[in-house]
Amino acid sequence: AQKVTQAQTEISVVEKEDVTLDCVYETRDTTYYLFWYKQPPSGELVFLIRRNSFDEQNEISGRYSWNFQKSTSSFNFTITASQVVDSAVYFCALSSTGANSKLTFGKGITLSVRP
Amino acid sequence: DAGVIQSPRHEVTEMGQEVTLRCKPISGHNSLFWYRQTMMRGLELLIYFNNNVPIDDSGMPEDRFSAKMPNASFSTLKIQPSEPRDSAVYFCASSVQWYGNTIYFGEGSWLTVV
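Protein chains in written order, with my numbering: chain A, 16 to 130; chain B, 0 to 113.
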């Protein structure tokens, strides 16, 4: 069975602070994919990143960066110099690759960035 | 390119009424998903289709829920009869040949059953 744990439920920071959102996953599969989605107050779910289990390189996209560590089964997301527009719920998700695989979501982390 | 299109965006209905939610997936995507989001249960997969065929409907809560995909560009999720506990945001999503590919979500249909 797959499981995604986002232990932090709510985080509040002041603009320009760096913030890291934690994600820990469980799976028995050797091949799997990890995702992050953003859900702003308007409600849509926006895809941010997809990473396969064989690629442990960290990724940076502007102010966003992701740290994938198989040894600790973690896929953490850091926002550098946070902005008010980063305020949203962030979901980590996991899927395997079989035909019956499902995209399993964590509970989400509510990030509030105050001006 | 157009994303996943859902309608209606918002619906308020009375208990016992039939509700039909509609979805148009991204062109070229052959996997389609229906998710439900509530505060209590988070994001739950209700059903998914591959090439218009339902693959896994184990998440459909009860017989009151049904989903169809008559062609590659259209799907419906129907609730009959609706109940207040069905109030939630229902997301449709699609991907290219689901086996771990990225799933793209629509904007959601916000359902309130009173």
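Don't be surprised by glycine CBs; every beta carbon is placed ideally from N, CA and C.
None of these values were measured; they are calculated from a predicted model.
Legend entry - Three-state class that DSSP yields for K31(A) in the structure shown: coil
Legend entry - Through-space distance from K23(B) to L42(B), alpha-carbon basis: 20 Å
Inset, instruction - Return the chain-ordered list of same chain residues with a C-beta closer than 8 Å to the C-beta of E71(A), the five sequence neighbours on each side being excluded. - result: F83, Q84, K85
Inset, instruction - Closer than 7 Å by beta-carbon distance: list the chain A residues that pair up with I102(B), in chain order. - result: L118
Legend entry - Nearest neighbour of W51(A), chosen from A16(A), T20(A), Q98(A) [CA to CA]: T20(A)
Inset, instruction - Within the same chain, show all residues whose beta-carbon is closer than 6 Å to that of E74(A), passing over the 5 residues directly before and after it, in chain order. - result: W81
Inset, instruction - Can you give me, in chain order, the residues of the segment 73-98 of chain A that have a beta carbon less than 9 Å from any beta carbon in chain B? - result: none
Inset, instruction - For L76(B), decide whether its Cβ has a neighbour in chain A, counting only Cβ atoms nearer than 7 Å. - result: no
Inset, instruction - Could you pull the start and end residues of the beta strand (DSSP E) that G41(B) belongs to? - result: 41-49
Legend entry - the segment 71-90 of chain B touching the segment 104-113 of chain B, judged by at least three CB pairs closer than 8 Å: yes
Legend entry - Secondary structure of R84(B), DSSP reduced to three states: helix
Legend entry - Neighbourhood of S57(A) by C-beta distance below 6 Å, restricted to the same chain and skipping five residues each side: none
Inset, instruction - Mind listing the chain A neighbours of G107(B)? Cutoff is C-beta to C-beta under 7 Å, in chain order. - result: G58, E59
Legend entry - Top-ranked residue by Cα proximity to V99(A), from Y48(A), G121(A), I26(A): I26(A)
Inset, instruction - Within the same chain, show all residues whose beta-carbon is closer than 6 Å to that of Q16(B), passing over the 5 residues directly before and after it, in chain order. - result: S81
Inset, instruction - Tell me where the beta strand (DSSP E) around D55(B) begins and ends. - result: 52-55
Legend entry - Three CB pairs or more closer than 8 Å across the segment 0-11 of chain B and the segment 85-94 of chain A: no
Inset, instruction - Give the straight-line distance between the Cα atoms of R65(A) and E32(A), rounded to the nearest whole angstrom. - result: 25 Å
Inset, instruction - Let me know the secondary structure DSSP gives V95(B) once reduced to three states. - result: coil
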